[in-house]
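Read the structure below first, then the notes.
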Amino acid sequence: MQQGHVSIAWPRAISYTRLMIPSSTSTDTTEMGSSEMGVVLYPSPGMGHLVSMLEFGKLLVQHGLHVTVIIVDPHYNTGSTAAFLSAASAANPSITFHRLPPIDLPPNPSRHHEAHAFDLLRLSNPHLLAFLRSAAPRALIVDGFCDYALDVTSELRLPCYMFYTSGAAVLAAFLYFPTLHASSDKSFRELGSTPLHMPGIPPLPADHMPLPVLDRDDKAYEGFLEISSRYPDNDGIIVNTFEALEPRALAAITAGRCVTDGRPTPPIYTIGPLIKSDGREKTNRAECIAWLDAQPRHSVVFLCFGSLGLFSAAQLKEIAAGLERSGQRFLWVVRSPPSDDPSKRMERPPEPDLDALLPEGFLERTKGQGLVVKSWAPQVEVLRHGAVGGFVTHLGWNSVLEAIIAGVPMVGWPLYAEQRMNEVFLVEEMKLAVAVKGYEGELVPSEEIEAKVRWLMESDGGQELRERTAEMKRKAAEALGEGGSSQAALMKLVAQWKSPANGD
Numbered sequence: 006m007q008q009g010h011v012s013i014a015w016p017r018a019i020s021y022t023r024l025m026i027p028s029s030t031s032t033d034t035t036e037m038g039s040s041e042m043g044v045v046l047y048p049s050p051g052m053g054h055l056v057s058m059l060e061f062g063k064l065l066v067q068h069g070l071h072v073t074v075i076i077v078d079p080h081y082n083t084g085s086t087a088a089f090l091s092a093a094s095a096a097n098p099s100i101t102f103h104r105l106p107p108i109d110l111p112p113n114p115s116r117h118h119e120a121h122a123f124d125l126l127r128l129s130n131p132h133l134l135a136f137l138r139s140a141a142p143r144a145l146i147v148d149g150f151c152d153y154a155l156d157v158t159s160e161l162r163l164p165c166y167m168f169y170t171s172g173a174a175v176l177a178a179f180l181y182f183p184t185l186h187a188s189s190d191k192s193f194r195e196l197g198s199t200p201l202h203m204p205g206i207p208p209l210p211a212d213h214m215p216l217p218v219l220d221r222d223d224k225a226y227e228g229f230l231e232i233s234s235r236y237p238d239n240d241g242i243i244v245n246t247f248e249a250l251e252p253r254a255l256a257a258i259t260a261g262r263c264v265t266d267g268r269p270t271p272p273i274y275t276i277g278p279l280i281k282s283d284g285r286e287k288t289n290r291a292e293c294i295a296w297l298d299a300q301p302r303h304s305v306v307f308l309c310f311g312s313l314g315l316f317s318a319a320q321l322k323e324i325a326a327g328l329e330r331s332g333q334r335f336l337w338v339v340r341s342p343p344s345d346d347p348s349k350r351m352e353r354p355p356e357p358d359l360d361a362l363l364p365e366g367f368l369e370r371t372k373g374q375g376l377v378v379k380s381w382a383p384q385v386e387v388l389r390h391g392a393v394g395g396f397v398t399h400l401g402w403n404s405v406l407e408a409i410i411a412g413v414p415m416v417g418w419p420l421y422a423e424q425r426m427n428e429v430f431l432v433e434e435m436k437l438a439v440a441v442k443g444y445e446g447e448l449v450p451s452e453e454i455e456a457k458v459r460w461l462m463e464s465d466g467g468q469e470l471r472e473r474t475a476e477m478k479r480k481a482a483e484a485l486g487e488g489g490s491s492q493a494a495l496m497k498l499v500a501q502w503k504s505p506a507n508g509d
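Per the numbering used here, residue 6 is the first one in the sequence shown, and the count goes up by one each step.
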């Protein structure tokens, strides 16, 4: 992922009063006051962070808390973020959206957009301070990129909680990150496949750490080191996972083994799996569901790789060839290849030209075998459809949880962020996925794609994976149900934020 300096044009469908800074005479409900039992959510730029944080906000509203979501305008185009906010604002009138003023960023040599996000969030602190001082919420809930806000909450004596949008195993690794940094002067890139040994997680090849932290001299590395060193300073850490999914990582974290500098680890609240509820986006929905309705149970492989999961034209042709030769039914979401212009890498790609991108005659030859849709499909609804029996995914954490709660086994194809870490945890620890070979290189050959799809859908090993995933689906439902661990953690948080002792 490379940085692009393109601002989002906010659509008119988003209410001006919701997203602009209220004036001193405003009656906007962002001036909540402690009596209204309000909390403020502060996600960093990016769809994965925003979606999870908004779903958490919906839960809090259901339990009687007033919720305001702070929006920071990135200096790169985050694709469908603006459209998502427009729909979210219309669909959730009880949630207020408050946009901080734009920031002029200093030059940053890093090619990773995370480094620029860190600058943006750090420099937004004065605006955040002014807003929180007027809003007087019961607590601020930040995501894992926004811990610069601890300087603000400390000044205001306001409780600050971190909402971690990845899993507990990734949290364990980043709580331990300062210890790793101090223990070696080599970069993760230099260490290559050397296993990193960290509490609560299986050995992790050093080069499976996220791309922005592979080089110690990169500004993105410095940013991750700084914010991860501040994680223990939060009043609590909320994780989008559940106890039965990651027991070893959670045990190591709560025992204090991941923070080695003497500071106590904050209380951990597992409130997941929290997934995106079906929105109003209907693009391709009718076509996808009608096609799935006509397929046998558990017969379809679904391929979808997230909003930033873009493949080269050559790779798309390899995927197509592998699917065709596998003989398996498939539903495949195809997006246009990434732009060659670095300034446009974070922009939403144009609609794909399927005839130009896919092998000649592919669509005609496979029209009885599969369905190819452009750019988007209703992923949650597709995964929950009885015809779907496998999921080829980039292993973004939101997608992982959506697959688990639907009981669908996964073929992992990591592309960016913490997805290589997730691959290790899902394959080695949870045993809910199998990974394609060669994803680290330029091209995964069609033979590997064919082999993994066949294995998942036809082999005894694939059936065992399906059975384990079905069992984890049951445990996820238990966690979310009455008396479940995730429900109990959520109610504990709600009680704290409603408590008069937590106001003013």
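C-beta atoms are modelled at their ideal positions from N, C-alpha and C, and glycine is treated no differently.
Is it true that the CB of residue j sits closer than 9 Å to the CB of residue i?
| i | j | result |
| --- | --- | --- |
| Ala382 | Asn289 | yes |
| Leu388 | Val377 | no |
| Ser404 | Arg340 | no |
| Arg302 | Gly391 | yes |
| Leu279 | Glu60 | yes |
| Pro215 | Met58 | no |
| Ala187 | Leu209 | no |
| Asn239 | Cys165 | yes |
| Leu462 | Gly417 | Here residue 462 is Met; the residue named in the question, Leu, does not match the sequence. No, the pair does not count as a contact, with Cβ atoms beyond the cut-off. |
| Glu455 | Ala326 | yes |
| Gly69 | Met42 | yes |
| Pro271 | Gly241 | yes |
| Ser331 | Arg459 | yes |
| Glu323 | Ser451 | yes |
Nearest to residue i by alpha carbon, out of the options?
| i | options | result |
| --- | --- | --- |
| Asp510 | His117, Glu483 and Leu279 | The question about residue 510 has no answer here: the residues shown for the chain are numbered 6 through 509. |
| Glu386 | Ala291, Ser491 and Gly241 | Ala291 |
| Leu449 | Ala319, Phe430 and Ala295 | Here residue 449 turns out to be Val, not Leu, going by the sequence shown. Considering only alpha carbons, the answer is Ala319. |
| Ile108 | Val77, Asp190, His71 and Tyr169 | Val77 |
| Asp212 | Glu463, Lys480 and Gln424 | Gln424 |
| Asp124 | Gly69, Ile232 and Ala93 | Ile232 |
| Lys436 | Glu453, Glu365, Pro342 and Leu250 | Leu250 |
| Gly375 | Ala299, Arg353, Lys442 and Ala422 | Ala299 |
| Ala140 | Ser115, His71, Asn113 and Leu363 | His71 |
Classify residue i: buried if its beta carbon has 16 or more other beta carbons within 10 angstroms, exposed otherwise.
| i | result |
| --- | --- |
| Pro252 | exposed |
| His202 | exposed |
| Thr30 | Unreliable positioning characterises Thr30 in this predicted model, as indicated by a pLDDT of 26, which lies under 50. The coordinate reading is nonetheless provided below. Thr30 should be labelled exposed. |
| Asp465 | exposed |
| Lys457 | buried |
| Gly197 | exposed |
| Ser317 | exposed |
| Arg370 | exposed |
| Gly277 | buried |
| Ser159 | exposed |
| Pro106 | exposed |
| Asp152 | buried |
| Arg104 | buried |
| Thr32 | Any reading at Thr32 is ruled out, since the residue's pLDDT is 30, under 50, leaving its predicted position unreliable. |
| Gln67 | exposed |
For residue i and residue j, which I take to be in contact (beta-carbon distance under 8 Å), what is that distance rounded to the nearest angstrom?
| i | j | result |
| --- | --- | --- |
| Leu470 | Val439 | 7 Å |
| Tyr274 | Ile294 | With 8 Å as the limit, Tyr274 and Ile294 do not qualify as a contact, their Cβ atoms being about 35 Å apart. |
| Phe307 | Leu336 | 5 Å |
| Phe247 | Ala408 | Their Cβ separation, rounded to whole angstroms, is 14 Å, which puts Phe247 and Ala408 out of contact at 8 Å. |
| Ala422 | Gly401 | 7 Å |
| Lys354 | Leu315 | Going by the sequence as given, residue 354 is Pro instead of Lys. Sure, about 6 Å apart at Cβ, within 8 Å. |
Are the region 139-149 and the region 54-74 in contact at 8 Å, needing three or more beta carbon pairs? A contact exists between the region 139-149 and the region 54-74.
Inspect the CB distances between the region 180-197 and the region 263-275 and report whether three or more fall short of 8 Å. A contact exists between the region 180-197 and the region 263-275.
Should the region 474-484 be regarded as contacting the region 406-414, the criterion being three or more beta carbon pairs within less than 8 Å? Output reads yes: the region 406-414 touches the region 474-484.
Contact between the region 169-176 and the region 246-261: three or more CB pairs below 8 Å? Short answer: they touch.
Indicate whether the contact test is met: 3 or more Cβ pairs, each with one atom in the region 119-136 and one in the region 219-236, closer than 8 Å. Cβ pair count under 8 Å is three or more, so yes.
Check whether the region 484-500 touches the region 422-433, taking contact to mean three or more Cβ pairs, one atom from each stretch, closer than 8 Å. A contact is defined here as three or more CB-CB pairs under 8 Å, and the region 484-500 fails this definition with respect to the region 422-433.
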